[in-house]
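Notes to accompany the following structure.
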Amino acid sequence: MDLPWTGTHDDLTAAARKHLEDHYPLQRITELSGYDAVDTHAWRRLITQGWLDPELTPTELAILAEQSGRALHPGPWLSTAAFGMPLLATAGMAVQEPTALAHHTDSLTAEHRAAQWLLSGIATDVIDAHLASVIAVVADTHDGPAVFTIRADDPTAQVTTSADVDLFRPHNRLRLHDTPATLALDARHSAAALTHTRRHAAALIASEAVGVADRALDLAVSYAGIRHQFNRPIATFQAVAHQLAASYADIELARSLARHTAHVLSTDPTGDNIDDDIACALYASTRAAVSVCETAIQIHGGIGVTYDFPLHHWYRRALWTERFADQHNPLDHLADTLLGPA
């Protein structure tokens with residue numbers, strides 16, 4: 303299908319890229335390469351730039367996600383836009399603070415005592431919980447899973463952080479013990495909202511993966527043009543040029559699928575084929591991110607595998623997006639679509 307891509311989308315892409323390039327050059331990413339290093343002014347800048355405006359469509363958010371991945375934006379915007387904003391918007395709640403989502407687990411329970419909701423239990427892999435001000439929690443009630451919000455700085459909410467493959471997205475474990483909470487969505491309305499959020503998050507992370515691949519290719523192309531061997535740039539060698547061309551083709555395919563999916567979410571979010579679209583985009587984009595980063599590392603040669611050279615940060619993010627995709631089993635979904643459930 304032809305996407306209704308307009309000059310406004312081009313302007314948004316250019317503005318987002320300039321903003322991120324101005325604030326996060328390669329050296330800055332290296333300086334912030336750790337979950338304990340925080341850019342304290344980043345969130346205020348994003349609000350000023352309109353990155354949290356509730357009027358943003360999935361297509362516009364996908365543009366920002368792609369540019370965020372390209373720059374490796376070291377903050378909680380993606381987790382907020384992918385999980386917090388779509389989920390809490392269904393409850394009529396505006397999101398202006400960093401927001402994480404604790405997915406439903408068997409141990410997360412909610413009790414209504416003394417005229418308030420209290421949450422207890424443990425959730426793992428709560429993306430950006432260590433940077434969040436608000437955490438949306440899916441917990442069991444007598445009527446089924448419901449969505450609540452808690453303040454991340456509440457003393458009864460403990461976030462334990464440990465290093466993960468992506469230095470900017472560590473593994474977070476959330477432990478709650480009678481933590482005061484606000485009911486956002488009761489059990490009657492939470493299931494549909496969580497399905498919408500799952501689709502929205504997958505689409506934005508697919509776009510982020512495209513941005514990761516795009517930046518890795520840029521680094522590889524630039525290096526291939528200045529690195530000489532036998533008195534010629536290595537970009538003139540067919541073995542190098544063809545790898546770069548194949549990477550470019552993979553990115554363009556993934557970008558097309560990611561943009562198509564975002565457009566469908568903007569225009570027909572409950573369409574019959576939306577989950578097929580998401581599965582295709584998520585699989586293609588995360589696979590492209592990993593393969594293009596690996597090609598870029600190979601083309602850079604020895605420096606490509608050194609810790610001091612920043613390319614490994616994009617590779618780490620690519621591996622993180624691939625793991626996210628694996629958890630959502632896009633190939634299983636597509637196989638069921640093609641062949642019928644096993």
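Using our numbering, the letters of the sequence shown map in sequence onto residues 303 to 644.
C-beta: ideal position from N, C-alpha, C; glycine also.
These numbers were taken from a predicted model, which means no experiment stands behind them.
If we call anything under 8 Å between Cβ atoms a contact, is residue i one with residue j?
i	j	result
L469	A441	no
V410	G423	For the sequence presented, residue 410 should be read as Leu rather than Val. Yes, the pair counts as a contact, with Cβ atoms nearer than the cut-off.
A583	A508	yes
L476	A417	no
P356	P378	no
A581	L636	yes
E510	E362	no
N474	V439	no
V594	L519	yes
V523	G371	no
A384	L506	yes
E624	T569	no
P360	L567	yes
P472	H432	yes
D430	S492	no
L354	Q398	yes
I365	A412	no
A465	I437	no
P388	H565	no
A404	D445	no
G386	A402	yes
V461	W622	no
R500	I576	no
H343	A504	no
H544	I331	no
Output the boundary residues of the alpha helix (DSSP H) element that contains residue i.
i	result
P632	P632 to L641
P388	M387 to A391
I349	A344 to Q351
V594	I576 to H602
E357	Taken as a continuous stretch (DSSP letters only), E357 belongs to no alpha helix (DSSP H), as it is neither H nor E.
T315	G309 to H325
L328	L328 to E333
Along the beta strand (DSSP E) that carries residue i, what are the first and last residues, could you check?
i	result
H414	T411 to R415
G423	Q418 to T426
T401	T401 to A404
Please name the residue or residues paired with residue i in a DSSP beta bridge.
i	result
N474	T463
R442	Reading the sequence as shown, one finds Asp at residue 442 and not Arg. DSSP lists T411 and P447 as partners of D442.
L487	V449
I437	A402 and I452
T481	L421
Among residues of its own chain, excluding the 5 on either side of residue i, which ones have a beta-carbon nearer than 7 Å to its beta-carbon?
i	result
V542	A526, I536 and I601
L487	T392, A393, A448, V449 and A495
D456	T481 and P482
T443	A412 and A489
D341	L334, P376 and G377
Starting from the C-beta of residue i, find all residues in its chain whose C-beta is less than 6 Å away, skip the five residues before and the five after it, and write them out in chain order.
i	result
A590	A515, D552, I553 and A556
R529	I536
Y617	C595
P632	A581, L584 and Y585
S549	L519, V594 and T597
T639	D578
R561	L305
So, for residue i: in the same chain, excluding its five sequence neighbours on each side, which residues have a beta-carbon less than 8 Å away from its beta-carbon?
i	result
D480	L420, L421, S422 and T458
H321	R347 and Q351
L613	A518, L521, C595, A598, I599, H602 and G606
L559	A508, D579, C582, A583, A586 and S587
L314	E362, I365 and L366
L546	L519, A522, V523, A526, A537, T597 and I601
Problem set entry | Length-filtered (4 minimum) alpha helix (DSSP H) runs lying within the segment 524-573 | 540-569
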